[in-house]
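Under our numbering, read the sequence shown as residues 383 to 559, first letter to last.
Even glycine gets a Cβ: it sits at the ideal position worked out from N, Cα and C.
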Amino acid sequence: MPKVAVRYTDYFAQTMRRMREDGLLLVTAGADGKPNVMTIGWGTIGSIWSRPVFLVLVRHSRYSYTRLEEAAGDFTVNVPPRELAEAVAHCGTVSGRDHDKFLAKRLTPVPSRQVRPPIIQECVLHYECRTLHRNDLAPDTLAQAVQDEFYAQGDYHRVYFGEIVAVYADEDAAKRL
Numbered sequence: 383m384p385k386v387a388v389r390y391t392d393y394f395a396q397t398m399r400r401m402r403e404d405g406l407l408l409v410t411a412g413a414d415g416k417p418n419v420m421t422i423g424w425g426t427i428g429s430i431w432s433r434p435v436f437l438v439l440v441r442h443s444r445y446s447y448t449r450l451e452e453a454a455g456d457f458t459v460n461v462p463p464r465e466l467a468e469a470v471a472h473c474g475t476v477s478g479r480d481h482d483k484f485l486a487k488r489l490t491p492v493p494s495r496q497v498r499p500p501i502i503q504e505c506v507l508h509y510e511c512r513t514l515h516r517n518d519l520a521p522d523t524l525a526q527a528v529q530d531e532f533y534a535q536g537d538y539h540r541v542y543f544g545e546i547v548a549v550y551a552d553e554d555a556a557k558r559l
């Protein structure tokens, strides 16, 4: 099915809903060009520095963090249809350090339009992002309730501010999201 260009705001509500329900698929590529996919459940879309941005959070312990840091931080965010829920769950529990999640879940990486990491063909909607800024969370500034619930082990996130440089979707995306 052909992918058509859309505005970054066209599917905001659906993207946020899919992230809360099952998660989205973040794709990175390291210096060697090999792609890695991980599930993300935290992020948002907005406008910062007069640019459309997708903010994603990646823990320092994750393989995707290493890949982002190796390759200047370009990434894609792929919105899966509901029928990929099991694959999304798998990509959130297995590390790409020693496991090819694309192969295991029959996900197809295809070249993106403007960034190095690929998109996932089976997904419905794609955001291509080029990192403008990255910043580590400052533990001493987090609310204690957030610290206690999400960072008891001290495994903090780095926030990536990705300028959205391309967005496209399946022609029937509205029906499938």
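Does the count of Cβ pairs from the segment 405-424 and the segment 442-453 closer than 8 Å reach three? yes
Whole-angstrom distance between Ser429 and Arg389, CA atom to CA atom: Cα-Cα distance, rounded: 13 Å.
How about the segment 417-432 and the segment 498-515: do they share at least three Cβ pairs that are nearer than 8 Å? yes
Opening and closing residue of the beta strand (DSSP E) in which Ala534 lies: Per DSSP, Ala534 belongs to no beta strand (DSSP E) and is neither H nor E.
Identify the continuous beta strand (DSSP E) that holds His539 and give its terminal residues. Here the beta strand (DSSP E) through His539 covers 539-552.
Buried or exposed: Thr397, going by 16 or more other Cβ atoms within 10 Å of its Cβ? buried
Terminal residues of the continuous alpha helix (DSSP H) containing Ala471? 467-473
Whole beta strand (DSSP E) runs in the segment 417-493 with 3 or more residues, listed along the chain? 417-422, 425-430, 433-441, 457-461
Secondary structure of Thr391, DSSP reduced to three states: It is coil, neither helix nor strand.
Inter-stretch contact at 8 Å, needing at least 3 Cβ pairs: the segment 415-425 / the segment 473-486: yes
Endpoints, the beta strand (DSSP E) within which Ala411 is located: 406-411
Return the chain-ordered list of same chain residues with a C-beta closer than 8 Å to the C-beta of Arg402, the five sequence neighbours on each side being excluded. Gly423
Quick check: the Cα distance between Ile501 and Leu507, rounded to an integer number of angstroms? 9 Å
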